[in-house]
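Here's the structure we're looking at; comments come further down.
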């Protein structure tokens with residue numbers, strides 16, 4: 154499905170950002186009590202990335218980046234409609250700049266017990282800010298070296314099969330690509346925010362040191378996304394008197410749907426149809442996590 158082909162990635166990204174701003178502002182002012190009004194708005198918002206031409210590399214990159222904006226923003230607005238999340242605090246509601254910062258950035262601003270933003274002092278702000286920016290730089294360097302090595306392996310006959318996707322070495326390497334990309338993209342804006350004097354929540358906590366899948370998903374891997382899913386999905390489902398297990402399965406399923414959308418926006422011409430692999434993956438993760446929780 155393509156409403157109109159937008160080949161220029163910058164124009165496509167502008168459409169996605171504009172749609173994000175309009176949807177967030179509408180929900181901010183008009184949908185606090187009548188939440189059903191947000192359903193058609195989110196439906197239209199989800200169609201925007203499908204307007205982009207996904208057959209060029211530049212457009213694919215744009216679709217993926219704009220989808221991440223859509224994913225973060227949509228999850229935060231859903232949490233706002235439930236009275237939770239980073240957009241729901243009073244000081245964020247009062248400040249348009251803080252609202253948009255909380256909406257677009259893939260990080261969470263740290264708040265105290267009174268929901269006020271935690272400020273960093275002169276020395277601390279520079280120490281933490283430059284540490285995060287430095288972490289981004291060495292992750293970027295590591296990512297470029299890893300991608301270069303994988304590209305070189307494909308040209309060598311005796312290494313091309315061993316390093317390809319679907320092999321142990323290949324999958325481990327691409328797992329590191331995902332880790333370096335996701336955590337690095339959060340380190341950079343987090344560092345800039347700290348340099349501005351505002352503290353941020355931890356977004357990755359050494360996921361390679363996880364002791365279990367429950368520890369991995371709940372306390373170490375992409376904690377920004379985990380908080381969004383908790384505020385926008387798990388907690389509202391709990392208010393419906395659903396059990397923790399049922400709410401957890403639904404939350405993992407929502408994460409799978411978002412990942413399916415990211416893949417669909419960027420490669421629908423090649424896929425032809427939704428395959429449901431990511432949804433199945435996260436449902437299996439939910440079952441493993443729940444089984445481990447029952448046994449302990």
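Numbering (the numbering used here), first residue to last: 154 to 449. Cβ atoms here follow ideal geometry from the backbone N, Cα and C, with glycine treated the same way. Quick caveat, the model's predicted, so the values are computed rather than measured.
Indicate whether residue 342 and residue 260 have their beta-carbon atoms separated by less than 7 Å.
If you check the CB distance, residue 342 and residue 260 come in under 7 Å.
At the level of alpha carbons, what is the spacing between residue 385 and residue 169?
Distance between the alpha carbons of residue 385 and residue 169 is about 21 Å.
Best match in 387, 350, 336 and 296 for proximity to residue 359 [C-alpha to C-alpha]:
When each option's Cα is compared against that of residue 359, the closest is 336.
Using the beta-carbon count (16 or more within 10 Å), is residue 399 buried or exposed?
Burial check for residue 399: the Cβ neighbour count within 10 Å stays below 16, so the residue is exposed.
In or out: residue 320 buried (at least 16 other Cβ within 10 Å) or exposed?
Flag for residue 320 reads exposed.
Over the uninterrupted alpha helix (DSSP H) stretch that includes residue 431, give me the two end residues.
Bounds of the alpha helix (DSSP H) holding residue 431 are 430-448.
Identify whether residue 293 lies in helix, strand or coil by the three-state DSSP scheme.
Residue 293 falls in the helix class under three-state DSSP.
Per-residue DSSP class, three states only, for residue 452
Outside the displayed span of the chain (154 to 449) sits residue 452, for which this structure offers no information.
Can you tell me whether residue 333 is helix, strand or coil according to DSSP?
Residue 333: helix per DSSP, three-state reduction.
For residue 351 versus residue 251, is the C-beta distance shorter than 7 Å?
It is not a contact, given that the beta carbons lie outside the stated cut-off.
Alpha carbon to alpha carbon, how far is residue 239 from residue 392?
C-alpha separation (whole angstroms): 19 Å.
Just the Cα atoms here: how many angstroms apart are residue 395 and residue 387?
Distance between the alpha carbons of residue 395 and residue 387 is about 10 Å.
Can you tell me the Cα-Cα spacing of residue 406 and residue 333, whole angstroms?
One C-alpha to the other measures close to 25 Å.
Under the three-state DSSP convention, the category residue 258 falls into
In this structure, residue 258 counts as coil in the three-state DSSP scheme.
Tell me the residue span of the alpha helix (DSSP H) that contains residue 379.
Taken as a continuous stretch (DSSP letters only), the alpha helix (DSSP H) holding residue 379 covers 376-382.
If you draw a straight line from the alpha carbon of residue 410 to that of residue 164, how long is it in whole angstroms?
If I take the Cα positions, the gap works out to 26 Å.
Find out if the Cβ-Cβ distance for the pair residue 344, residue 295 is shorter than 7 Å.
Residue 344 places its beta carbon 7 Å or farther from that of residue 295.
Where does the unbroken alpha helix (DSSP H) through residue 390 begin, and where does it stop?
Where residue 390 is concerned, the enclosing alpha helix (DSSP H) stretches over 388-392.
Beta-carbon separation of residue 367 and residue 442 under 7 Å?
A contact, by the Cβ cut-off of 7 Å.
C-alpha gap between residue 413 and residue 429, whole angstroms
Distance between the alpha carbons of residue 413 and residue 429 is about 7 Å.
How close, in whole Å, do the beta carbons of residue 382 and residue 408 come, if the pair is a contact with beta carbons under 8 Å?
The beta-carbon separation of residue 382 and residue 408, rounded to 6 Å, stays under the 8 Å limit for a contact.
Among all the DSSP beta bridges, which residues are the ones paired with residue 264?
For residue 264, which the question treats as bridged, DSSP gives the partners 270.
Within the same chain, show all residues whose beta-carbon is closer than 7 Å to that of residue 439, passing over the 5 residues directly before and after it, in chain order.
Answer for residue 439: 401, 402 and 405, listed in chain order.
For residue 347, which residues of its own chain have a beta-carbon under 7 Å away from its beta-carbon, when the five flanking residues on both sides are left out?
Within the same chain, residue 347 has close Cβ partners 273, 278, 281, 282, 285 and 353.
What residues in its chain sit with their C-beta under 6 Å from that of residue 288, if we drop five residues either side in the sequence?
Cβ within range, chain order: 340.
Would you kindly check if the distance between the Cβ of residue 363 and the Cβ of residue 369 is under 7 Å?
It is a contact, given that the beta carbons lie within the stated cut-off.
Starting from the C-beta of residue 107, find all residues in its chain whose C-beta is less than 6 Å away, skip the five residues before and the five after it, and write them out in chain order.
Summary: the structure shown does not reach residue 107, with the chain confined to residues 154 through 449, and so no result is reported for it.
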